[in-house]
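140 is the number of the first residue of the sequence shown in my numbering; add one for each residue after it. For glycine and all other residues, C-beta sits at the position ideal for the given N, C-alpha and C. Let me begin by presenting the structure, written as structure tokens, before commenting on it.
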Amino acid sequence: MSRKKVGVLVSGRGSNLQALLDAAADPSFPAEIVLVISNIPEVYALERAAKAGVPTLVIPHKGFPSREAFDAEMDKALRAAGVEIVCLAGFMRLLSAGFVESWRNAMINIHPSLLPSFKGLHTHERAIEAGLKLHGCTVHLVTPDLDDGPILVQAAVPVLPGDNADALAARVLEQEHKAYPLALRLLAEGKVNVSGNCAHMDAAAPAGALVNPAP
Ligand code: GAR
């Protein structure tokens, strides 16, 4: 089996990167991480990659005259490394339409809400304020609109009485670390078929339903 070559873009602590590195450490996982790029120097994600023996690159966005120029530099590095799938893992920069288009159906993102609810920032605060009983995370294919694109995997968690944003974020993050490797595996195995705004997956669905409060 040839493993798909993956590039991961990060901007911060990299706990989702770690989940992908851990999954890819298993030789039977259908993807290998070949490059990690950060737009911010000295973030912890870079240390995680180095510890796993994965090459890293810092491309500071501030050094570029335009978004397109910055994206072109990332694109060059990804192509040079033979990357076939790009994973955004806490990458906090908007991407230009040209870059997104050139990685169509080959770039995925993880977002800390059940999309299409709560695109953008501060998702956990907003979920609590809205009085949600279920919240979660989404892995989706990246399209030019922010936090949009065909959904691959979602995981839901209950919002509990007394939750603050940090407690809820921690509960969601635990699921992010399962959802992201699962989505990458499905994509790398060629089990994702996209038609229009929807991704259809050749994968099992869970039994039953998560109901909060419990019936
Ligand atoms: C994660 O919660 C991820 O879902 C979120 O940033 C965090 C990064 O954490 N991404 C976004 O909000 C993108 N819209 P990590 O660096 O520990 O993976």
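With a threshold of 6 Å, establish whether the CB of residue i neighbours any heavy atom of the ligand GAR.
i      : result
Ala220 : no
His250 : yes
Arg152 : yes
Asn155 : yes
Ala228 : yes
On the DSSP letters alone, give me the boundaries of the beta strand (DSSP E) that residue i sits inside.
i      : result
Ala338 : Cys337 to Met340
Pro297 : Ile290 to Pro297
Leu185 : No beta strand (DSSP E) holds Leu185; the alpha helix (DSSP H) holding it covers Tyr183 to Lys190.
Can you list, in chain order, the residues of its chain with a C-beta nearer than 7 Å to that of residue i? Leave out the 5 residues immediately preceding and following it.
i      : result
Ala184 : Val149, Gly151, Arg152, Gly153, Leu156, Val175 and Ser177
Val147 : Leu156, Leu159, Ile172, Val175, Cys226 and Ala228
Glu328 : Pro169
Starting from residue i, trace the alpha helix (DSSP H) both ways and give me its first and last residue.
i      : result
Glu213 : Strictly speaking, residue 213 in this sequence is Met, with Glu absent from that position. Residues Arg206 to Ala219.
Asn155 : Ser154 to Ala163
Ala306 : Ala304 to Ala327
Glu223 : Counting along the chain, Glu223 falls outside any alpha helix (DSSP H), and DSSP gives it neither H nor E.
Lys201 : Element bounds for Lys201: n/a, residue is neither H nor E.
Select from the options the residue whose C-alpha is nearest the C-alpha of residue i.
i      : options                           : result
Gly259 : Pro166, Ala191, Ala342 and Cys276 : Cys276
Ala304 : Ala294, Gly329 and His274         : His274
Lys143 : Arg206, Ala188, Met246 and His261 : Met246
Pro320 : Ala189, Arg206, Leu291 and Val182 : Leu291
Q: Report yes or no: do three or more beta-carbon pairs, one from the segment 245-260 and one from the segment 297-304, lie closer than 8 Å?
A: no
Q: Check whether the segment 204-218 touches the segment 307-317, taking contact to mean three or more Cβ pairs, one atom from each stretch, closer than 8 Å.
A: no
Q: Would you check if the segment 191-211 and the segment 166-174 touch, i.e. whether three or more CB-CB distances between them fall below 8 Å?
A: yes
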